[in-house]
Amino acid sequence: MTEQTIPGPIGPAARRGPLRAGDRVQLTDAKGRMHTIQLRQDGHFHTHRGGIDHADVIGLPDGSVVRTAEDHEYLVLRPLLSDYVMGMPRGAAIVYPKDAGQIVQMGDIFTGAVVVEAGVGSGALAMSLLTTVGTGGRLISIERRADFAEIARANVRAWFGADHPAWEVHVGDLADVLPTVADEAGVDRVVLDMLAPWENIDAVTWALAPGGVVLAYVATTTQLSRFVEDLRDSGSFTEPQAWESLVRTWHVEGLAVRPDHRMVGHTGFLVTARRLAPGTVPPQRTRRPAPGARASDESAVPPSGEAWTPEAVGERTSSERKVRRVARDLRARAAYDDATAGEDRNG
Ligand SMILES: C[S@@+](CC[C@H](N)C(=O)[O-])C[C@H]1O[C@@H](n2cnc3c(N)ncnc32)[C@H](O)[C@@H]1O
Numbered sequence: 046m047t048e049q050t051i052p053g054p055i056g057p058a059a060r061r062g063p064l065r066a067g068d069r070v071q072l073t074d075a076k077g078r079m080h081t082i083q084l085r086q087d088g089h090f091h092t093h094r095g096g097i098d099h100a101d102v103i104g105l106p107d108g109s110v111v112r113t114a115e116d117h118e119y120l121v122l123r124p125l126l127s128d129y130v131m132g133m134p135r136g137a138a139i140v141y142p143k144d145a146g147q148i149v150q151m152g153d154i155f156t157g158a159v160v161v162e163a164g165v166g167s168g169a170l171a172m173s174l175l176t177t178v179g180t181g182g183r184l185i186s187i188e189r190r191a192d193f194a195e196i197a198r199a200n201v202r203a204w205f206g207a208d209h210p211a212w213e214v215h216v217g218d219l220a221d222v223l224p225t226v227a228d229e230a231g232v233d234r235v236v237l238d239m240l241a242p243w244e245n246i247d248a249v250t251w252a253l254a255p256g257g258v259v260l261a262y263v264a265t266t267t268q269l270s271r272f273v274e275d276l277r278d279s280g281s282f283t284e285p286q287a288w289e290s291l292v293r294t295w296h297v298e299g300l301a302v303r304p305d306h307r308m309v310g311h312t313g314f315l316v317t318a319r320r321l322a323p324g325t326v327p328p329q330r331t332r333r334p335a336p337g338a339r340a341s342d343e344s345a346v347p348p349s350g351e352a353w354t355p356e357a358v359g360e361r362t363s364s365e366r367k368v369r370r371v372a373r374d375l376r377a378r379a380a381y382d383d384a385t386a387g388e389d390r391n392g
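Here the sequence shown is numbered in this note's numbering, starting from 46 and rising by one per residue.
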């Protein structure tokens, strides 16, 4: 991360140095069981094997061991962004850290860039994008559901400790909002994580500066095919590149060195393409798409005639009831954080 220009909890200082009141920390016991707490001057962590006063943790170096009254040990660490994202409250399904890494690198997100992201969902990807564009960049996140936008705002604020100055969240449909937030100069990058990214190709074509990158993250091959074919048909982009990443973790203990038995088998597919200069005619492709790959074909996807819904593509979204509960809990947490922020940081 480059030099931050603003003081306060955003920036490297917040994640360095001794543990402070207000920090979120993970306590891990010898069996690997983990608890996440927020340190407060007067706080107390209860376990069935004795408690720990937060005051005994505050001031220790990150990565210290603390003991309960019954001599039960806990390792204390500030969470990494990948830990935080996997454990934070969700409305919509999140982009996993392995894909966020690919998106930042292959989408060529750079410090100072102007990036559009839709939808913002639970805010997981937004945190990686913000970390990369930094306070000198601009992340414009667009989300059609107001309740998801609220959850994302609370998650992102809790991670950075304040509203990130490079971030703006707009509630609405990408196609409607984009023309109101992008200007003639165009944006550098557009990242789409939504059900039907092909519906927004015209808006993205208008908003992207020549040479800019569009990147889509989709869950199924039917979405992948439709997006790639429609990008090609638009004539405004370079030949799309599509891929997925598989990450296999390893068990390394003595002579037992092997892949773990379990892995995340599938998250999504990624597609990138670059905006051509207006008026540029891309070289004619010699290969033709298979019948059914295009929206205009009778046999086009989805073949069953189903509508493109989160359920149809197997996307896991929380029930309305759960989303309301998550939003309510986050509001209560934010109110508590605000009420105690002054005393914790000063204490
Ligand atoms: C899978 S979630 C995004 C998750 C997010 N990237 C994260 O890491 O937390 C997809 C989101 O796209 C939103 N969405 C779908 N179509 C949209 C559109 N046309 N404009 C804006 N948001 C849209 C949905 O409401 C949903 O919240």
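Think of the CB as a built atom: it goes at the ideal place given N, C-alpha and C, for glycine as much as any other residue. Keep in mind it's a predicted model, so treat the numbers as computed, not measured.
At the level of alpha carbons, what is the spacing between Ala169 and His306?
27 angstroms
For the candidate residues Ala230, Gly310, Trp243, whose alpha-carbon lies nearest to that of Ser270?
Ranked by Cα distance from Ser270, the first of Ala230, Gly310, Trp243 is Trp243.
Where do the N-terminal and C-terminal ends of the alpha helix (DSSP H) with Ile148 fall, by residue?
142–151
Ala194 and Val159: beta carbons closer than 8 angstroms?
no
For the candidate residues Arg123, Leu122, Tyr141, Ala137, whose alpha-carbon lies nearest to that of Met131?
Tyr141
Would you say Phe193 touches ligand 1, meaning its beta carbon is less than 7 angstroms from a heavy atom?
yes
Nearest to Leu122 by alpha carbon, out of Ala380, Val302, Leu84, Ala207?
Leu84
Examine ligand 1 and report whether any of its heavy atoms sits within less than 7 angstroms of the Cβ of Val140.
yes
Once you ignore the five residues that flank Arg293 on each side, which residues in its own chain have a CB closer than 6 angstroms to its CB?
If we look at Arg293 and ignore the five residues flanking it on each side, its Cβ neighbours are Pro304, Met308.
Alpha carbons only, please: which of Leu276, Ala163, Asp208 is nearest the one belonging to Thr180?
Asp208
Can you give me the C-alpha to C-alpha distance between Ile185 and Ile154, rounded to a whole angstrom?
13 angstroms
Any contact between the stretch 245–253 and the stretch 276–283? By contact I mean 3 or more CB pairs, one from each, below 8 angstroms.
yes
Is Leu253 near Trp212, with beta carbons less than 8 angstroms apart?
No, the pair does not count as a contact, with Cβ atoms beyond the cut-off.
Check whether the Cβ of Glu365 sits closer than 7 angstroms to any heavy atom of ligand 1, and report yes or no.
no
Of the choices Lys76, Gly95, Gln71, Met79, whose alpha-carbon is the least far from that of Pro124?
Ranking Lys76, Gly95, Gln71, Met79 by CA distance to the CA of Pro124 puts Gln71 first.
Under three-state DSSP, which class holds Ser344?
Annotation note: pLDDT 46 at Ser344 (below 50); position unreliable, no value reported.
Could you tell me if the beta carbon of Gly132 falls within a distance shorter than 7 angstroms of some heavy atom in ligand 1?
No - ligand 1 has no heavy atom lying nearer than 7 angstroms to the Cβ of Gly132.
On the CB-based measure, 16 or more other CB atoms within 10 Å of its CB, does His99 come out buried or exposed?
buried
Could you tell me the distance, in whole angstroms, from the CA atom of Val201 to the CA atom of Ala171?
In a straight line, the C-alpha of Val201 is about 8 angstroms away from that of Ala171.
Is it the case that the Cβ atoms of Ala379 and Ala199 are separated by a distance below 8 angstroms?
It is a contact, given that the beta carbons lie within the stated cut-off.
How many angstroms separate the CA atom of Gln329 from the CA atom of Thr362?
41 angstroms
Around the Cβ of Gln147, are there at least 16 other Cβ atoms within 10 angstroms (buried) or fewer (exposed)?
buried
Mind checking whether the beta-carbon of Ile187 lies closer than 7 angstroms to any heavy atom of ligand 1?
yes
With distance defined between alpha-carbon atoms, name the residue in Gly108, His91, Arg135 nearest to Ala413.
This structure cannot speak to residue 413, because the chain is shown only from 46 to 392.
Taking 7 angstroms as the cut-off, is the beta-carbon of Ser167 closer than that to any non-hydrogen atom of ligand 1?
yes
Grab the span of the beta strand (DSSP E) containing Ser109 for me, first residue to last.
109–112
Assuming Thr283 and Arg319 are in contact, meaning their beta carbons sit under 8 angstroms apart, how far apart are those beta carbons, in whole angstroms?
5 angstroms
Could you check what DSSP says for Met308 in three-state terms: helix, strand or coil?
coil
Sorted by chain position, which residues of the same chain lie with C-beta nearer than 6 angstroms to Asp74's C-beta, five sequence neighbours on each side aside?
Tyr119
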